[in-house]
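Below: one structure, written as structure tokens.
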Amino acid sequence: MSIGQISGLVSGAITQILILAGPILITALVVGLVISILQATTSIQEQTLTFVPKIAAIMLVLALLAGWMFATLGEYTKGLFALIPEMTG
Numbered sequence: 285m286s287i288g289q290i291s292g293l294v295s296g297a298i299t300q301i302l303i304l305a306g307p308i309l310i311t312a313l314v315v316g317l318v319i320s321i322l323q324a325t326t327s328i329q330e331q332t333l334t335f336v337p338k339i340a341a342i343m344l345v346l347a348l349l350a351g352w353m354f355a356t357l358g359e360y361t362k363g364l365f366a367l368i369p370e371m372t373g
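All the letters of the sequence shown, read from the start, carry residue numbers 285 to 373 under my numbering.
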């Protein structure tokens, strides 16, 4: 297995991680930003106020996208398993 192939596998893995984690991270970012703007405008400085909406939003995104995430990860894993004979030879 050449360095180019290993580099391609690592690049593909990083891309897959970003694709799968992206929706969750963007949701947490947007909800946190909205809550922090709300806190700044109302002068409510409760630190725990951000956790419940973030957790609820993340759970909602996971519930909506879990099927797609598992299907995408499954296809990527099948592709990796298909490369095993090439790696050994």
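All C-beta atoms in this analysis are idealised placements derived from N, C-alpha and C, irrespective of residue type, glycine included.
Take the Cβ of I303 as the centre, count every other Cβ of all protein chains shown within 10 Å, and call the residue buried at 16 or more, exposed below.
On the sequence shown, residue 303 is found 19 positions in, with the first residue counted as 1. Under this definition I303 is an exposed residue.
Looking at the structure shown, is L317 part of a helix, part of a strand, or coil, going by DSSP?
Within the sequence shown, numbered from 1, the residue matching residue 317 stands at position 33. Correct three-state label for L317: helix.
How far does the alpha helix (DSSP H) with I339 in it reach, from first residue to last?
Taking the first residue of the sequence shown as position 1, residue 339 is located at position 55. Per DSSP, I339 belongs to the alpha helix (DSSP H) from F335 to A366.
Whole-angstrom Cβ separation of I308 and V345, contact assumed at under 8 Å?
As a working note, residue 308 is residue 24 in the sequence shown. As a working note, residue 345 is residue 61 in the sequence shown. Indeed they touch by this definition, with Cβ atoms about 6 Å apart.
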